[in-house]
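Sequential numbering from 1175 applies to the sequence shown in the working numbering.
Quick reminder that beta carbons are idealized off the backbone N, C-alpha and C, glycines included.
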Amino acid sequence: MSRRIKKVAVLGSGVMGSGIAAHFSNIGLEVLLLDIVPFDLKEEEKNNPAARNRIVNAALKACIKNRKPVSAFYDTKTAAQITTGNFTDDFEKISDCDWIIEVVVERLDIKQQIFEKVDQYRKPGSLVTSNTSGIPIHMMSEGRSEDFQKNFCGTHFFNPPRILRLFEVIPGPKTDPAVLDFFMMYADRYLGKRAVMCKDTPAFIANRVGVYAMAKIFQLTEELELPIEAVDKLTGDAIGRPRTGTFALGDLVGLDTAEKVIKGIVNNCPNDEQASAFKMPAYLNFMLENKFLGNKTKKGFYERTKEKDASGRKIKLGLNLKTLEYAPTQRVKMPVLDAVKQVDTLRGKVRTFCNEKYSADPGAQLVKRSLAGLFAYVSNRIPEIADHLYSIDDGLRSGFAWKVGPFEYWDMVGIKEGIAMAEADGQSVAQWVKDMVAAGHESFYKLEDNVQKYYDIASQSYQVVPGTEEFIILDNIRSSSIVWENSDAALHDIGDGVLCFEFRSKMNSLGEGVIRGVHQAIEIAEEGDWKGLVIGNNAEHFSVGANLMAIAMMAYEQDWDELNMAIDVFQKTSMRIRYSSIPVVIATQGYVFGGGCEFSMHSDAVVASAESYIGLVEVGVGLIPGGGGTKEFALRASQEFGPGDVQIPTLIEKFKTIAMASVATSAGEAFKQGYLRPGIDQVSVNVSRTLGEAKKKVLELAPNYTQPAPKNEILVLGRGGLGALYVAAESLRLGKYASEHDILIAKKVASVLCGGDLTSAQKVSEQYLLDIERQEFLSLCGEQKTLQRIQHMLEKNKPLRN
C-alpha cells in the first residue's frame, strides 16, 4: 500500500527529541511532542496543564532559542506545527499519527514500557520506530502485537538532526520489508538524509566505526606522546574530517556519551578483534571522575578561560595527558603538516602522511597507524554490521561528517598498500579483501559508464551504488561531459539539452576565470541547440563570493581604472545571467556569499539546498555588494511597493539586511530576508538532488521561455528615503550594532537603494542604479578602514570591527 506521512508523534523531548520534532516541522509535518509529567509538582500544580507540561514546553522553548551551530528549524515559525503534551494525559493522541518515534532515555525497560502504551493507542498500520543509538532493536518489540512488530524498526537520526545527513534504518526480526523500503525512500526524498540499512548489532554502523576511530586515536596519542592540540590538527581538515579534530570533537559530543558507546561496544562485542583499542585511557577515566565532560561542563580536553592574551584573545587551555594539568595551547609545528599544507587534494594529503619520507614524524605515524587500524577494522565488520562496503562509507560521511569513508581512504592509499600498512601494525585484514586483490581488482570503487560502482563481495563484481544513479555527480561524468573548460571552471553536458556551469576555483571564489566562464557558458548555450543552463556544483559550498585578494591588490595599488573595470565586468556578468535568451537556473548549497548570492539573485530561478547559507556579506570587509546585489534590493523593494503603501518600512528592511551583512542560515530563512523569491525559487531538502532539480526547472522553463525585457521603471525614493535610512543607520550605531565605519558603509548602501540624492521619488533604470553602486563601491575601496578589514579577512579569515 502507498503511505503518506502527515502527522508524527515524537516521544521524548530532550535535545535529540526536540531536534527531531523540529526537523519534522521543517518539512511541513504536524508534530505531537510528548514527555513525562514533572515529578516535583506541588499540590496546587497537579491539575494545571502548563505545570504538567513544564518539561516538554521548556525543551521546545530551548530548541527554538538555540541557534548553535544553527537553529534546529529552517524557520522558527514552523514551531507552531508542534503540539506539546505529556505521557500521562495525552498519550491517546498518538492514535491519529502516521509515524510514532521513541526518543526517550537509553534504558531498555523504559523503552519497553513506552512501547506497551504505544501498542495500546496507535492506529493499525502506523509506523513505530526507535531512535536508539545502540540498544538492540529486537529486544524492544518483544511481546508486542503482530501489527506493531510488522511496522516496527529502528530509525536512528544523528545530532543535530537537521544538519547531519545520516539516517540509519535497523530492521526488527519481524519488520515488513515494505516498511524498510519506505523509510529508505522517505529519508532520501523528504527528510533530506542519506539512508543506510544497518544490522541489529551494537552501535549499528556509524557509531561502531566512528567510535573505534576515536578510541584508536586516543590510544595512539598516548603511545606516541603527542599533545592534544597537535592531534586535532592532524585529524581535522588535514585528513578531510571535521576541523575540530578528535579531542575537540570529544568535548563537543560529551565524554560521558563517548564513554557509554565505548563501554557498550566492549561489553557487547566479545568477538571484536580490536577490542584493545577500546580500552579506556587513564586520562579519560580521570576526566570522567572529575566531571570534565567537555563543552557541557565548560571543561574537557580543552578549557576556555576569561583571561586574554596580548592580542586580546581569550586564552585556551589544553589538557596535558601526562601531568593531567591544563596549560595554554601551543602553535603546532610538524614537518608532515607543513608538507600537507602544500597539497591541494585530499588524496594527496593522505598519501603524504603515508609517505616513507615522514616515517620518523610522530604526526605521520599517528595518521598512518590510525588508518591502518581502520582499514583492518572495517574489512572485518563485513558482513557483521553491513553487507556492503558503501554502507560503512555512507555512515561515516553522513553521520560523522568525514569527507570520505574508510574504504575511500583505502582506495587513496591503494588496496595492496593498505593491507601492508595494517599487517605492519599487527592487524589482520579480512580474507575477502585479499581474495579481491588476488582476483585482479585494484579498488573498492570505480567509474564505469559515468556511474560510480562499488565492489560487491557476494557477486565478486562491481555494482552501482543504490540511489546514486538518480544524482548528477559531476566528477562521475567529467571524462565525457565537458563542453568547455578553463582552470577555474567547466561547462558540462548533463543530458536532455541542458548544460551545467561548474565553479572549481579555491572555495569557488569568483575570479577572472569564473567570470569569463559564465559569459562563455551562456554564449555557448544561446548559440547552440541547448535548452538552458544550470549554474551549480557538487562542492561543499556554492561560492564564497568575489576573489577578495584581487580586489585588495587593485585597491592597495590605487589602480582605480582597473578596479572600476573589474566591478563593471562583475555587474555585467550578473546582468548577463538575468538577460540571457535561455533560462539560467542556479543550484546552491553551503555558503552562497557575496557575488555568489548576487548571481543567484539574477537567475531565472534558484533551486537552493535547504542547507544553503545565503547572504550579501560585503559590509564585513568594508564594502557594499557591488555585483548588482544592492541594485537588486532596490529593484525588489520597488516591486513590493503597492498602491497606497507606506514605502519606508520595506526600504528599511532591505537596508538592514545589507547593512548588517545578514546571512540566512537556511534556504527557508532566505525567503524571509529577501534573497530568495516566493513562487519563483524553490528548496531541495536533499543536497544530493539539487542539481537534478535545477535541471528539471530548466526543462520546465525552456518551452515557453522569453528573454526578459530590461527594467527601466524602478521606483526609488531619493532624499525622502535617504533621510529615513540615515535615521535607521544612526539607530544601529546608538544600539552599538555598528561602528562609525559601519555607518559610512550603510550610507553608501542607502545611496544606492534610494537612487542617490534625488529631490523626489522617481523611476530609474537598472543601469542607473548599477552606476551608483559601482561609484559607491569604488569610494569605499579608497578608505583606510576598508583596506584594514580586507587585510584582516585575508589573514585571519574573520571580519574586523573597526
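Where do the N-terminal and C-terminal ends of the beta strand (DSSP E) with R1478 fall, by residue? Taking the sequence shown and counting its residues from 1, the one referred to as residue 1478 is at position 304. It spans 1476–1482 - the beta strand (DSSP E) in which R1478 sits, taken as one unbroken run.
Beta strand (DSSP E) segment containing D1599, residue limits: Counting from one through the sequence shown, the residue named residue 1599 turns up at place 425. That residue, D1599, is in no beta strand (DSSP E); it is neither H nor E in DSSP.
For the region 1384–1401 against the region 1232–1242, are there 3 or more C-beta pairs whose distance is under 8 Å? no
Going by the beta-carbon positions, is the gap between S1748 and G1801 smaller than 8 Å? Within the sequence shown, numbered from 1, the residue matching residue 1748 stands at position 574. Within the sequence shown, numbered from 1, the residue matching residue 1801 stands at position 627. Going by C-beta atoms, S1748 is nearer than 8 Å to G1801.
Tell me the rounded alpha-carbon separation between D1406 and F1421. Counted from its first residue, the sequence shown places residue 1406 at position 232. Counted from its first residue, the sequence shown places residue 1421 at position 247. Answer to the nearest angstrom: the Cα atoms are 6 Å apart.
Do the region 1596–1613 and the region 1539–1553 meet, that is, are 3 or more Cβ pairs less than 8 Å apart? Judged by Cβ distances under 8 Å, the region 1596–1613 makes contact with the region 1539–1553, as three or more pairs qualify.
Give me whichever residues DSSP pairs with R1368 in a beta bridge. The residue given as residue 1368 occupies position 194 in the sequence shown. According to DSSP, which records beta bridges pairwise, R1368 is partnered with L1340.
Sorted by chain position, which residues of the same chain lie with C-beta nearer than 8 Å to S1654's C-beta, five sequence neighbours on each side aside? Translated into the one-based positions of the sequence shown, residue 1654 becomes position 480. Once the five neighbours on either side are set aside, the close Cβ partners of S1654 are N1624.
Look at the alpha carbon of R1226 and the alpha carbon of P1823, and state the distance between them as a whole number of angstroms. Position 52 of the sequence shown, counting from 1, holds the residue named residue 1226. Position 649 of the sequence shown, counting from 1, holds the residue named residue 1823. C-alpha separation (whole angstroms): 42 Å.
Cβ contact check for the region 1924–1935 and the region 1865–1885: 3 or more pairs under 8 Å: Counting C-beta pairs closer than 8 Å gives fewer than three between the region 1924–1935 and the region 1865–1885, which falls short of the contact rule.
From which residue to which residue does the beta strand (DSSP E) around L1889 run? For this step, residue 1889 is matched to residue 715 along the sequence shown. That run of the beta strand (DSSP E) goes 1888–1890.
Assess, as a yes-or-no matter, whether the region 1561–1577 is touched by the region 1360–1371 under the definition of 3 or more beta carbon pairs within less than 8 Å. yes
Is D1249 closer than 8 Å to E1867 when the C-beta atoms are compared? On the sequence shown, position 693 is the one that residue 1867 refers to. On the sequence shown, position 75 is the one that residue 1249 refers to. No, the Cβ-Cβ distance between E1867 and D1249 is not below 8 Å.
How is W1704 classed by DSSP in three states: helix, strand or coil? Residue 1704 sits at position 530 when you count from the first residue of the sequence shown. Correct three-state label for W1704: coil.
Backbone secondary structure at S1753 - three-state DSSP: Mapped onto the sequence shown, residue 1753 falls at position 579. Here residue 1753 turns out to be Tyr, not Ser, going by the sequence shown. Note: Y1753 maps to coil in three-state DSSP.
Using 8 Å as the threshold, is the C-beta distance between E1940 and K1828 below it? By 1-based counting over the sequence shown, the position of residue 1940 is 766. By 1-based counting over the sequence shown, the position of residue 1828 is 654. Against a cut-off of 8 Å, the Cβ pair of K1828 and E1940 comes out as no contact.
Which of the three DSSP states is assigned to L1570 in this structure? The count along the sequence shown starts at 1 and reaches residue 1570 at position 396. Correct three-state label for L1570: helix.
Spatial neighbours of W1576 in its chain, beta-carbon cut-off 6 Å, leaving aside the 5 residues before and after: For the purposes of this step, residue 1576 is identified with residue 402 of the sequence shown, where counting begins at 1. Closer than 6 Å at Cβ, skipping near neighbours: R1415, L1570.
Under DSSP, the beta strand (DSSP E) around C1674 begins and ends at which residues? Mapped onto the sequence shown, residue 1674 falls at position 500. DSSP places C1674 inside the beta strand (DSSP E), whose first and last residues are 1672–1677.
Note down the Cα distance separating F1527 from V1578, rounded to an integer number of angstroms. As a working note, residue 1527 is residue 353 in the sequence shown. As a working note, residue 1578 is residue 404 in the sequence shown. F1527 and V1578: Cα-Cα distance of roughly 16 Å.
Using the Cα positions of N1200 and F1247, report the straight-line distance between them to the nearest angstrom. Sequence index remark: in the sequence shown, residue 1200 carries index 26 (1-based). Sequence index remark: in the sequence shown, residue 1247 carries index 73 (1-based). So the alpha carbons of these two residues sit roughly 6 Å apart.
Using a Cβ-Cβ cut-off of 7 Å (strictly less than) and excluding sequence neighbours within five positions of V1857, which residues of its own chain qualify? Against the sequence shown, residue 1857 aligns to sequence position 683. By the criterion of a C-beta distance shorter than 7 Å, V1857 is surrounded in its chain by A1782, A1784, A1841, G1842, once the five residues flanking it on both sides are discounted.
Go through its chain and collect everything with a Cβ distance to P1401's Cβ below 6 Å, but skip five positions before and after it. Mapped onto the sequence shown, residue 1401 falls at position 227. There are no such residues.
Look at the alpha carbon of V1872 and the alpha carbon of V1672, and state the distance between them as a whole number of angstroms. For this step, residue 1872 is matched to residue 698 along the sequence shown. For this step, residue 1672 is matched to residue 498 along the sequence shown. Between V1872 and V1672, the C-alpha separation is close to 7 Å.
Reducing DSSP to helix, strand and coil, say where F1332 ends up. The residue labelled residue 1332 in the question sits at position 158 within the sequence shown. DSSP places F1332 in coil when its eight states are reduced to three.
For V1514, which residues in the same chain have their Cβ closer than 8 Å to its Cβ, ignoring the five residues on either side in sequence? Along the sequence shown, read from residue 1 onward, the residue named residue 1514 stands at position 340. Cβ neighbours of V1514 beyond the five flanking positions: A1412, K1523, T1526, F1527.
Using only the alpha-carbon positions, how far apart do A1632 and M1610 sit? Mapped onto the sequence shown, residue 1632 falls at position 458. Mapped onto the sequence shown, residue 1610 falls at position 436. Between the alpha carbons of A1632 and M1610 lies a distance of about 11 Å.
What does DSSP give as the partner residues of I1275 in its beta bridges? The count along the sequence shown starts at 1 and reaches residue 1275 at position 101. DSSP output for I1275 lists V1184, T1303 as bridge partner(s).
Bounding residues of the alpha helix (DSSP H) (the contiguous stretch that carries D1649): On the sequence shown, residue 1649 is found 475 positions in, with the first residue counted as 1. Unbroken alpha helix (DSSP H) run through D1649: 1648–1655.
Could you check how far apart the C-beta atoms of V1952 and R1963 are, in whole angstroms? I think they sit under 8 Å. Stepping through the sequence shown from its first residue, residue 1952 is reached at position 778. Stepping through the sequence shown from its first residue, residue 1963 is reached at position 789. The residue asked about is misnamed: residue 1952 is Leu in this sequence, not Val. With 8 Å as the limit, L1952 and R1963 do not qualify as a contact, their Cβ atoms being about 16 Å apart.
Using DSSP's beta-bridge definition, name the partner residues of E1223. For the purposes of this step, residue 1223 is identified with residue 49 of the sequence shown, where counting begins at 1. Note that residue 1223 corresponds to Pro in the displayed sequence, not to Glu. In the DSSP output, where bridge partners are listed per residue, P1223 has none listed.
For D1264, which option in Q1448, G1186, L1203 has the closest C-alpha, if you only look at C-alpha atoms? Counting from one through the sequence shown, the residue named residue 1264 turns up at place 90. The candidate whose alpha carbon is nearest that of D1264 is G1186.
Would you list the one or two residues that DSSP bridges to I1788? The count along the sequence shown starts at 1 and reaches residue 1788 at position 614. Answer by DSSP bridge pairing, in chain order: V1766, A1838.
One question on the structure: do V1385 and A1432 come within less than 8 Å of each other, judged by their Cβ atoms? The residue given as residue 1385 occupies position 211 in the sequence shown. The residue given as residue 1432 occupies position 258 in the sequence shown. In this structure, A1432 lies closer than 8 Å to V1385 by Cβ.
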